[in-house]
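Undergrad: For the sequence shown, position 58 (counting from the first letter as 1) is numbered 55 according to our numbering, and the numbering increases by one without interruption.
Here a beta-carbon is modelled for each residue, glycine too, at the ideal position from N, C-alpha and C.
Here's a structure for you.
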Amino acid sequence: METRPINDVSYEAYLKEEKLMGSSCGSCGARFLPPRPICTECHKAEMDWNEVEGKGKLVSFTCIAVGPPSMKAEGFDRNNPYCLGVVELADGLRVVARIQGVDTKNPETIEIGTSLSAKILHRGEGEEARAVLAFEPA
Ligand SMILES: [Zn+2]
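Right under this line is the structure:
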């Protein structure tokens, strides 16, 4: 039985293991991705982990030309925007994530409804290692 606490640190630890984990409420069944420790529907703290299949469709997106320093460090800027989107997963969960593999310089070519698959990005090493959820066209 999984005993990791339901929080952002554990969520990222799972991403590092290539697992996309959300939480589901043992009381009312509401599901969350990223996971929440307390249910926003019934306010109980009876959450369990549940693995989420990383397949879905693009619901909305924006291309960002001026991002935070962490994105600038990855080479994104006015000449190389990155895309953030809302992805609706097969079971109806919606998650905000980076969308890659799309032409951010010509956002008119990015289509709502595009089928996407999760792609976990691994950045940095050792203590600095991070894992970020992204999606790309399936
Ligand atoms: Zn609940």
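1) With a floor of 4 residues, list each alpha helix (DSSP H) that falls wholly inside the region 3 to 65, ordered by position along the chain.
2) Report the three-state DSSP secondary structure of GLY123 (helix, strand or coil).
3) Please state if the CB of ILE96 and the CB of GLY82 are separated by a distance shorter than 8 Å.
4) Less than 8 Å between the CB atoms is what I'm expecting for GLY19 and PRO32, so what's the real figure, rounded?
5) Taking the continuous beta strand (DSSP E) assigned at GLU85, which residues delimit it?
6) Flag this pair as yes or no: are the beta carbons of VAL84 and VAL92 separated by less than 8 Å?
7) Looking only at its chain, what residues have a beta carbon closer than 6 Å to the beta carbon of PHE132, apart from the 5 residues adjacent to it on each side?
8) Three or more C-beta pairs under 8 Å: does that hold for the region 22 to 40 against the region 2 to 10?
9) For ALA128, count neighbouring C-beta atoms within 10 Å of its own C-beta (all shown protein chains included) and say buried if the count is 16 or more, exposed if not.
10) Can you list, in chain order, the residues of its chain whose CB lies under 7 Å from that of CYS25, leaving out five sequence neighbours each side?
11) Pull up the distance between the alpha-carbon of ASN77 and that of PHE58, whole angstroms please.
12) I'd like to confirm something about GLU122: is its beta-carbon nearer than 7 Å to some heavy atom of ligand 1, or not?
TA: Checking against the coordinates, here is how it stands:
1) Considered as a whole, the region 3 to 65 harbours 5 to 13 as its complete alpha helix (DSSP H) runs of no fewer than 4 residues, in chain order.
2) Here GLY123 sits in helix by DSSP.
3) Note that the C-beta distance between GLY82 and ILE96 is below 8 Å.
4) Correct: roughly 5 Å between the Cβ atoms.
5) Per DSSP, GLU85 is one residue of the beta strand (DSSP E) stretching across 79 to 86.
6) Yes, the pair counts as a contact, with Cβ atoms nearer than the cut-off.
7) VAL84, ALA94, ILE96, LEU113 and ALA115, listed in sequence order.
8) As far as the Cβ criterion goes, the region 22 to 40 touches the region 2 to 10, which means the pair count is three or higher.
9) Burial call: buried.
10) CYS36, GLU38 and CYS39.
11) So the two alpha carbons sit approximately 16 Å from each other.
12) No, the Cβ of GLU122 stays beyond 7 Å of every heavy atom of ligand 1.
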